[in-house]
Structure formats: structure tokens, C-alpha cells
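Q: Before I ask anything, let me first share the structure, which is written out below as C-alpha cells.
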Amino acid sequence: MTTEIRTLGVDEADLLGRVAADVFDDPVVPARAREFLADPHHHLVVAVEDGLVVGMVSAVDYLHPDKADPELWINEVGVASSHRGQGLGQALLRATLALGQQLGCRVAWVATERSNTPAMRLYAAVGGVEEPQDTVLFTFRLD
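Per full-length UniProt numbering, residue 1 is the first one in the sequence shown, and the count goes up by one each step.
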């Protein structure tokens, strides 16, 4: 089987109607998928095999008032358990980094837990450099 890796366009949210069960954390909400893809700063790189999404990387390019160039924040990487260990995560991440370069980003970054061994291996394998600081994540409930 051939797996196609591509960046979804604004009118391709329907493709997210067929997604392997463990690619995203939760089921895709069609209205949110359309809204996400309609924003030119939101990016979804997917791996599609026989019409089924088997992997994805979501990312956001953004500007900072004190930085000359945009940056690419890699929000999430997901690969179906049936397709793990085959280099698909690396291919998706490389395609996302190439997209960031096309967008003029000079830096891309992603955060993960140190205990997430597969993610740590993936990011290192694609050339990511582990930062020396110990980062803490805070969340705020807004409801």
C-alpha cells in the first residue's frame, strides 16, 4: 500500500471523516476541522493510506512582536498504532518542518514529556536539539 503525506488545504476537512482510531486524542469534530483548516496559520500534515488518515502533525505558524521571523509550533504528532515503527512519524515531521521553511520560519519547536520515550526518539531522529532548561507546563481552566 502507498501512503501519501500531504498538507491539507482549506477545503479538505472531509478527509478527516475517515481517521484511524488512535491518530487523534479524540474524535474529529467536523466544524472544528473546517475552522482549523480555514485559518492560514494552522497546518495539518497527514498521512493517508487508501483514503484513511493514519498519521498527522498539527502545527501553527505565529509571529512575535520582538522576533524578526515567524516560528512554527508543532502542537501534536499522532500515528496509528498499526503504522508505528515504520518511519511514518519521521516523514510527517520532516514534511511539517519543510512547510515551516516555506512559510519563512527559522525555528520550529515542540514540547513533550521526558517520559514520552517514542516522542523523545522521534524528535531526536529528525534532528531536534533538546533544550537544557527544565520546563513546567501550567494549564488554566477557563470555564
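Quick reminder that beta carbons are idealized off the backbone N, C-alpha and C, glycines included.
None of these values were measured; they are calculated from a predicted model.
1) Inspect the CB distances between the stretch 79-86 and the stretch 25-41 and report whether three or more fall short of 8 Å.
2) Looking only at its own chain, which residues have a Cβ that is under 8 Å from the Cβ of residue 124, when we skip the five neighbours before and after it?
3) Exposed or buried, which one is residue 89 when buried takes at least 16 other CB atoms within 10 Å?
4) Going by beta carbon distance, what residues of the same chain come within less than 6 Å of residue 34, once the five residues before and after it are set aside?
5) Below 8 Å on the Cβ atoms is my guess for residue 149 versus residue 49; work out the distance and round it to an integer in Å.
6) Can you give me the C-alpha to C-alpha distance between residue 139 and residue 75, rounded to a whole angstrom?
7) By DSSP's criteria, residue 72 is part of a beta bridge. Which residues make up the other side?
A: On the basis of the data shown:
1) no
2) 130
3) Counting C-beta atoms within 10 angstroms of its own C-beta, residue 89 has 16 or more neighbours from the protein chains shown and is therefore classed as buried.
4) Close CB contacts of residue 34 within its chain, under the 6 Å cut and outside five residues either way in sequence, are with 13 (chain order).
5) Residue 149 is absent from the structure shown; the chain starts at 1 and stops at 143.
6) 15 Å
7) 61, 108
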